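Here the structure is laid out as structure tokens; the discussion comes afterwards.
In the numbering used here, the protein residues as written are 299 to 656.
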């Protein structure tokens, strides 16, 4: 069964009202991750990677800010507890592990106990195996621009906080799928994660091509003033509620600018910090957004207008949902404003990437 998600039409045709914004339109692909069982041959979030058996699995050797977070759960146990939550009944009666899940939980607890009894080295003193974050095949996400014959992008991260922004450290790999022979079937995992939101839930994808416009903070002061002109909106006959009359730019920001959720390309979302340009450390070209990692697929309240048509019923009920929130399918939580941006050099995708938590 093919997973499909469709963004509802925007309530206003942006270039029809503001032709000045037409040159700023960018193509993006919303990935629409949804819980599933992807294979190594599938594009996914948090799923298994098509990783060559003879290639060393990435490990993080950086310093970790929180050696003992007090969390003490392995990625496997994080996912086991999520299964319990997903089975919550409407009357909130507690669910129980299946015998297989209980046995897996016991093995993981014993493994952690052995590690604690052994004492150091802790993650700060030894390399930490990285966790798969995303695997994207170009045939699913044609907006990707890989180097040479590569047709597969793989992104991993270390599930511990790192300087300077208290965020996971990421690693990016391009490869040609047809060149992978034997596949690594049991990649190493870290003993624990610094935070459960750093353990992505395996999700299948439903990539969708869209056109989006920049956040108002990315616009010139003149264009920002244009968006603030309520008379301009009225003269164009825009179907905008009068409640936005005092600040129509808010309508633009909520309903018309950057799409929320996981996406490739497009414009980056901005939160508590103003936009600032990022430049390649090799060739000094201005970096461009590659992947947006998001905690939420849509925001509550008016932000639900971005919820796909297939998820509208869930979007209306997510605040009262007894189990996992349907607007947070990956269970990832990053940053104070729930977005992490990975940039890439437009001159050469092989140049070092940068990541930014916002």
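We put the CB at the ideal spot given by N, CA and C, even for glycine.
Values in this document were obtained by computation on a predicted structure and should not be read as measured data.
At least 3 beta-carbon pairs within less than 8 Å: the stretch 624-632 vs the stretch 585-599: yes
Using alpha carbons as the reference points, say which of 506, 546, 503 and 654 lies closest to residue 524. 546
Tell me which residues share the same chain as residue 330 and place their Cβ nearer than 8 Å to its Cβ, disregarding the 5 neighbours each side in the sequence. 301, 303, 503, 504, 505, 506, 559, 560, 595 and 606
From residue 508 to residue 361, what does the alpha carbon distance come to, in whole angstroms? 39 Å
Can you tell me which of the three DSSP states residue 706 falls into? As displayed, the chain neither begins before 299 nor continues past 656, which places residue 706 out of reach and without an answer.
If we count the other Cβ atoms within 10 Å of its Cβ and call it buried at 16 or more, is residue 335 buried or exposed? exposed
Taking the alpha-carbon of residue 601 as reference, which of 613, 591 and 590 has the nearest alpha-carbon? 613
Taking residue 645 as the reference, give the member of 346, 580 and 630 with the closest Cα. 580
Segment limits, beta strand (DSSP E) that includes residue 510: 506-510
Considering just the uninterrupted stretch of the beta strand (DSSP E) at residue 374, what are its terminal residues? Run containing residue 374: none in the beta strand (DSSP E); it sits in the alpha helix (DSSP H), 373-384.
Buried or exposed for residue 424, going by 16 or more other Cβ atoms inside 10 Å? exposed
Label residue 437 either buried or exposed according to how many other C-beta atoms from any shown protein chain fall within 10 Å of its C-beta, with 16 as the threshold for buried. exposed
With 16 other CB atoms within 10 Å as the buried threshold, where does residue 599 fall? exposed
Can you tell me the Cβ-Cβ gap for residue 555 and residue 510, rounded? I've got them flagged as a contact below 8 Å. 7 Å
Span of the alpha helix (DSSP H) holding residue 521? 519-525
Nearest to residue 469 (by Cα), restricted to the options 541, 484 and 453: 453
Close Cβ partners of residue 444 (< 7 Å) along its chain, the five nearest in sequence each way excluded: 436, 451, 472 and 647
Residue 334 by DSSP, collapsed to three states: which one? coil
Would you kindly work out how many angstroms separate the C-alpha atoms of residue 263 and residue 543, rounded to a whole number? No answer is possible for residue 263: it lies beyond the span of the chain, which begins at 299 and ends at 656.
Decide if the stretch 476-495 is in contact with the stretch 303-315; the criterion is three or more beta carbon pairs, one per stretch, under 8 Å apart. no
Cβ atoms of residue 578 and residue 342: under 8 Å apart, would you say? no
Which residues in the same chain have their Cβ closer than 6 Å to the Cβ of residue 350, if we skip the five residues on either side of it in sequence? 478
Range covered by the alpha helix (DSSP H) that runs through residue 615: 610-615
Please return the same chain residues whose Cβ sits closer than 7 Å to the Cβ of residue 655, not counting the five positions on each side in sequence. 463, 465, 632, 633 and 638
With 16 as the cutoff for other CB atoms within 10 Å, does residue 650 come out buried or exposed? exposed
Quick check: what's the CA-CA separation for residue 327 versus residue 591? 13 Å
Grouping DSSP H, G and I as helix and E and B as strand, with all else coil, what is residue 516? helix
For residue 581, three-class secondary structure by DSSP: coil
Is the beta carbon of residue 320 less than 8 Å from the beta carbon of residue 534? no
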